[in-house]
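Scroll down for the structure; my scribbles are underneath it.
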Amino acid sequence: MKKRVPIRMCIVCQKRELQNSLIRVQKRENKAVLYSGEGRSFYLCKACLSGKHISNIISGRMKIDKRSVEVLLKELSSNVED
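Numbered per this note's numbering, the sequence shown spans residues 1424 to 1505.
Right, here's the structure in full:
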């Protein structure tokens, strides 16, 4: 019996991809932070990290402070490039 491969959706572009190819982020105290292992979360694909207006989309859909989203995206994009 084959094991199922988990597929998740990017919150920005709504493209479905393998779970291990997406970045998992969560909302904690009205701020966006990397997933800590507890609570609900959402996924971002690596292609969306460099797009325009991404912080507006995430902050609007998840009701998160826009500045915290911008800081997290900047941190994530620098880590992905390395």
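Heads up, the beta-carbon is just placed ideally off N, CA and C, and yes, glycines get one too.
- Leaving aside the five residues that flank R1463 on each side, the residues in its chain whose CB is nearer than 8 Å to its CB run, in chain order, Q1449 and K1450.
- I1446 has L1467 as its beta-bridge partners, per DSSP.
- Taking each of K1469, E1461, G1460 and N1453 in turn and checking the Cα distance to V1492, the smallest one comes out for N1453.
- In this structure, L1472 keeps its C-beta atom at 8 Å or more from the C-beta atom of L1457.
- DSSP, reduced to helix, strand and coil, places M1424 outside both helices and strands of the structure shown, so it counts as coil.
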